[in-house]
Amino acid sequence: MGTHPFADRLLAHGLPTLSRGQPSTLQVNLGKRCNQACKHCHVDASPARTEAASRAVIDQIISLLSASPAIRTLDITGGAPELHPEFRRLVCAARALNLRVIDRCNLTILAEAGQEDTAEFLAKNQVEVVASLPCYGPDNVDAQRGDGVFSDSIDGLRKLNGLGYGDPGGPLVLNLVYNPIGPSLPPDQTQLEAAYKQRLMDDFDIRFNALFTITNMPIARFKRDLERRDGLDAYIKLLEENFNPSAVGPLMCRSLVSVGFEGGIFDCDFNQMLDLQADPAPKTIWDIENLGGMAGMPIATAAHCLGCTAGAGSSCGGALQ
Numbered sequence: 000m001g002t003h004p005f006a007d008r009l010l011a012h013g014l015p016t017l018s019r020g021q022p023s024t025l026q027v028n029l030g031k032r033c034n035q036a037c038k039h040c041h042v043d044a045s046p047a048r049t050e051a052a053s054r055a056v057i058d059q060i061i062s063l064l065s066a067s068p069a070i071r072t073l074d075i076t077g078g079a080p081e082l083h084p085e086f087r088r089l090v091c092a093a094r095a096l097n098l099r100v101i102d103r104c105n106l107t108i109l110a111e112a113g114q115e116d117t118a119e120f121l122a123k124n125q126v127e128v129v130a131s132l133p134c135y136g137p138d139n140v141d142a143q144r145g146d147g148v149f150s151d152s153i154d155g156l157r158k159l160n161g162l163g164y165g166d167p168g169g170p171l172v173l174n175l176v177y178n179p180i181g182p183s184l185p186p187d188q189t190q191l192e193a194a195y196k197q198r199l200m201d202d203f204d205i206r207f208n209a210l211f212t213i214t215n216m217p218i219a220r221f222k223r224d225l226e227r228r229d230g231l232d233a234y235i236k237l238l239e240e241n242f243n244p245s246a247v248g249p250l251m252c253r254s255l256v257s258v259g260f261e262g263g264i265f266d267c268d269f270n271q272m273l274d275l276q277a278d279p280a281p282k283t284i285w286d287i288e289n290l291g292g293m294a295g296m297p298i299a300t301a302a303h304c305l306g307c308t309a310g311a312g313s314s315c316g317g318a319l320q
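Sequential numbering of the sequence shown, starting at 0, is according to numbering that gives the first Met the number 0.
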């Protein structure tokens, strides 16, 4: 018997409950402090938040990376991760281990006081930038992220381009992220990427490598907005009706381990925000010596998991299909 709509969909399609394969990515949320307060943010990040990973958490993450050869990618998120005082130390430690490092960047942070050399730091360390840009025009971006955010984002993209980010065949990778502005599924990723590349080049002479389309998850700030509009049930139904069984196999939780700013271990960033942990599984980064040991462990699921399997599927790396 299913216990929530996602479990019901698995059962209806004869699919087993989720379990983890070999972890290859460690995603770390450094905290909730951000210079923006976006309407769709599943982290509830904002300038008013102060929660942040301690030095002890950062030390243990570095130790775990050193002891976990199966982990080849460190994916750093927040909040605005660049605001964390240990961000650069963590990046340098991971690069010293020859890991691929991803910075989930909101672009506007590059113009904040104290961040004037952040873009240069990222380029020097060949950090892959995954940057949020919900549209190639100002209206949708400012409506979702705040007045003036689009203009500041374009400035950030120009700064990254000036350092070589987005150059075809170059070592500095710049990927953009699209989220729908409301309770709808993302459009076709390939077609939207082509439109983004054309418009951003024509209008602003900006280049980037790839576009990731990501479905808004019905949790945290976006969920509360749906509830205020009496639209949560309709959105869950939309996700359920568009369940794609072929998106279950490549779900990011099968190869990713998520760590919260307090050191808790989760199956993904969304479960982390819900404090939803699998059982049996290590609960904190101090409960495991090698992250590769998590292979085969169960994955905790709930209704919001429908967001990752609706339509073309959704992950931190964009569409799954």
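Where is the CB? At the ideal position from N, CA and C, for every residue including glycine.
Which partner residues of residue i appear in the DSSP bridge assignment?
i      : result
Val129 : Arg103, Asn174
Pro297 : Ser18
Ser45  : Arg32
Thr24  : Thr72, Leu255
Gly263 : Thr283
Phe211 : Val176
Ala309 : Phe242
Ala51  : Gly30
Can you round the beta-carbon distance between residue i and residue j to whole angstroms, since I take them to be within the 8 Å contact cut?
i      : j      : result
Met296 : Arg19  : 5 Å
Lys177 : Leu191 : It is worth fixing the name first, because residue 177 is Tyr in this sequence and not Lys. Rounded, the Cβ-Cβ distance is 6 Å, consistent with contact.
Phe120 : Leu305 : With 8 Å as the limit, Phe120 and Leu305 do not qualify as a contact, their Cβ atoms being about 38 Å apart.
Ser152 : Ile213 : At roughly 16 Å, the Cβ-Cβ gap does not stay under 8 Å, so Ser152 and Ile213 are not in contact.
Ile287 : Pro281 : 4 Å
Leu9   : Thr2   : Not quite, the Cβ-Cβ distance comes to about 11 Å (not below 8 Å), so this is no contact.
How is the alpha helix (DSSP H) around residue i delimited, first residue to last?
i      : result
Asp232 : 231-240
Phe120 : 117-123
Arg198 : 188-203
Pro80  : Premise fails: Pro80 is in no alpha helix (DSSP H) and is neither H nor E.
Arg8   : 4-11
Quick check on DSSP: helix, strand or coil for residue i?
i      : result
Ser150 : helix
Phe86  : helix
Ile180 : coil
Leu275 : coil
Gly165 : coil
Gly292 : helix
Gly316 : coil
Leu63  : helix
Ala110 : helix
Ala219 : helix
Ala302 : helix
Val327 : Residue coverage of the chain in this structure runs from 0 to 320, which leaves residue 327 outside it and unanswerable.
Leu156 : helix
Cys134 : coil
Cys91  : helix
Leu225 : helix
Val247 : coil
Using only CA atoms, which one of the options lies nearest to residue i?
i      : options                        : result
Val27  : Gly77, Ala11, Gln21, Pro68     : Gly77
Met251 : Leu25, Ala51, Asn105           : Leu25
Asn124 : Ala52, Asn215, Phe86           : Phe86
Leu47  : Ile61, Asn139, Leu82, Ala66    : In the sequence on display, residue 47 carries Ala and not Leu. Among Ile61, Asn139, Leu82, Ala66, the Cα nearest to that of Ala47 belongs to Leu82.
Leu173 : Val126, Pro186, Ala36, Thr2    : Val126
Gln276 : Ile287, Asp286, Ile264, Trp285 : Ile264
Gly291 : Thr189, Lys282, Gln21          : Gln21
Trp285 : Ile61, Thr2, Ala301            : Ile61
Leu171 : Asp138, Gly147, Ile153, Phe207 : Phe207
Gly161 : Ala93, Ala118, Asp274          : Ala118
Pro185 : Leu29, Ala318, Asn34           : Ala318
Gly310 : Met293, Glu239, Lys222         : Glu239
Leu199 : Ile180, Pro244, Pro137, Arg220 : Pro137
Arg99  : Arg157, Asp74, Ile57, Ile108   : Asp74
Ala324 : Cys267, Leu29, Ala44           : Past the edges of the chain, shown from 0 to 320, lies residue 324, and the structure says nothing about it.
Phe231 : Asn105, Pro244, Ser53, Asn215  : Just to set this straight, residue 231 is Leu in the shown sequence, not Phe. Residue Asn215 is the option with its Cα nearest to Leu231.
Of all Cβ atoms in chain C, is any one closer than 8 Å to the Cβ of residue i?
i      : result
Pro217 : This model lacks chain C altogether; it includes just one protein chain.
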